[in-house]
Amino acid sequence: MSHRPRRVAVTSPQTRLAHLRGRARGRWRVPRLDSEDAERAAVLYRAQRRQGLIALATAVTVLLGLPMAFAAWPVLDGVRLAGIPLSWLMLAVLPYPAMALLAFWQLRRAERLERR
């Protein structure tokens, strides 16, 4: 007779406690803000969403602009640094610092809106 290991359900202790708390307290209700705070939250959400969309559009422009630049100026493939085409270097190196700076810029703008 083969001895198979017993199947055990592994769950997080936090999940188990959350389920117990949910049963003990009844249904969970979404907290409600008073009308003034709700309006401020809605205005803040719209402003941050608008700024986020601007940051997203900028990132897409940078990422799609590189291949378009390579198509517009094919001479970039002929320029080589350390034996590697400049276009490859630009594609491999340029987007990451640009996206990091864009993320930093977006974070500062969102925090500035929250402080108002």
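Using our numbering, read the sequence shown as starting at 23 and increasing by one per residue.
No residue lacks a Cβ here, since even glycine has one placed at the ideal position from N, Cα and C.
Being a predicted model, the structure only gives us computed values, none of them experimental.
Residue burial classification, residue i (beta-carbon count within 10 angstroms, cutoff 16)
i, result
"residue 57", "exposed"
Short Cβ contact (7 Å threshold) for residue i with residue j
i, j, result
"residue 116", "residue 109", "no"
"residue 70", "residue 113", "no"
"residue 83", "residue 124", "no"
"residue 131", "residue 73", "yes"
"residue 128", "residue 63", "no"
Closer than 6 Å: residue i CB and nearest the ligand ATP heavy atom
i, result
"residue 64", "With respect to small molecules bound, the structure shown includes none, and the ligand ATP cannot be examined in it."
According to DSSP, residues forming a beta bridge with residue i
i, result
"residue 107", "102"
Close Cβ partners of residue i (< 7 Å) along its chain, the five nearest in sequence each way excluded
i, result
"residue 55", "63"
Close-in-space but distant-in-sequence residues of the same chain around residue i (CB under 6 Å, 5 per side omitted)
i, result
"residue 101", "108"
| task | Go through the segment 47-91 residue by residue and report every complete run of the alpha helix (DSSP H) that reaches 4 residues or more, in order. | result | none
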